[in-house]
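Engineer:
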Amino acid sequence: MAESTMEQHRLAGWHKPDLDLSNAEWRSSSRGRGDVQIAFVEGFIAMRNSGRPESPSLIFTPAEWGVFMSDAREGEFDLT
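Numbers 1 to 80, taken from UniProt numbering, label the letters of the sequence shown in order.
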């Protein structure tokens, strides 16, 4: 697949801004478990791996974040 076609396919449906996270205030889990940090930036929620902060961050809309959190609370992502 050509590079430009591949890029278009990978970003199909992407309607989120390219956020500047350089000054984001990252917060760690209050329980101190895991390596996840989140930041609230321009109405979106960014999530990153605190052990590798230079790696790409996931960006959620508030609705997406709500579904993600609900699923996490229900054990959707538990390793059992």
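Quick reminder that beta carbons are idealized off the backbone N, C-alpha and C, glycines included.
(1) For G43 and P62, what's the separation of their Cα atoms in angstroms?
(2) Assign S55 to buried or exposed, taking buried as 16 or more other Cβ atoms, counted over all protein chains shown, within 10 Å of its Cβ.
(3) Can you tell me the Cα-Cα spacing of A72 and D20, whole angstroms?
(4) Roughly how many angstroms lie between the CA atoms of residue 94 and T80, to the nearest whole one?
(5) Name the two residues that bound the continuous alpha helix (DSSP H) containing F68.
Structural biologist: Let me spell this out:
(1) 7 Å
(2) exposed
(3) Their backbone Cα atoms lie some 27 Å apart in a straight line.
(4) Absent from the structure is residue 94, since the part of the chain shown begins at 1 and ends at 80.
(5) P62 to R73
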